[in-house]
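In the numbering used here, the protein residues as written are 23 to 161. Here a beta-carbon is modelled for each residue, glycine too, at the ideal position from N, C-alpha and C.
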């Protein structure tokens with residue numbers, strides 16, 4: 023007979039109903055009646071389905087609330103119109119209002135970054151226009 027047929031010298035793992043053995047050594051000995059094991063297994067799956075359903079419900083409600091409270095976006099659009107019309111000081115004030123509203127909400131991170139960049143650019147434009155006015159007055 024070969025070593026594989028007798029089981030000597032060959033490492034193998036088996037899973038039986040009451041214990042787990044690896045290389046003829048009992049590592050874990052457990053015994054649950056089949057009815058209880060099945061109930062625990064089904065209970066685990068019910069909790070997973072409940073968790074998935076609650077997560078989907080939470081994300082749906084969060085989406086609805088975020089869609090209704092887009093005050094920072096409205097301020098951003100108004101400031102963008104003011105900027106395009108050449109009213110830079112008004113645009114800066116409206117951008118700052120939009121930034122304070124966006125900081126209250128955790129959903130508008132990209133909008134915050136855009137508003138900060140716009141405010142920096144507008145401050146540069148306003149300083150440039152003021153310096154041109156002083157130069158023209160001196161000449």
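Asked: Three-state secondary structure assigned by DSSP to residue 130; Found: coil
Asked: Residue 75 classed as buried or exposed, judged by whether at least 16 other C-beta atoms fall within 10 angstroms; Found: exposed
Asked: Residue range of the alpha helix (DSSP H) that includes residue 94; Found: 93–107
Asked: CA-to-CA distance, residue 78 to residue 144, given in whole angstroms; Found: 41 Å
Asked: For residue 105, the nearest candidate out of 96, 116, 128 (CA to CA); Found: 116
Asked: Own chain partners of residue 137 with C-beta closer than 7 Å, once the 5 adjacent residues on each side are dropped; Found: 98, 117, 120, 121, 124
Asked: Buried versus exposed, by CB contacts within 10 Å (16 or more), residue 94; Found: buried
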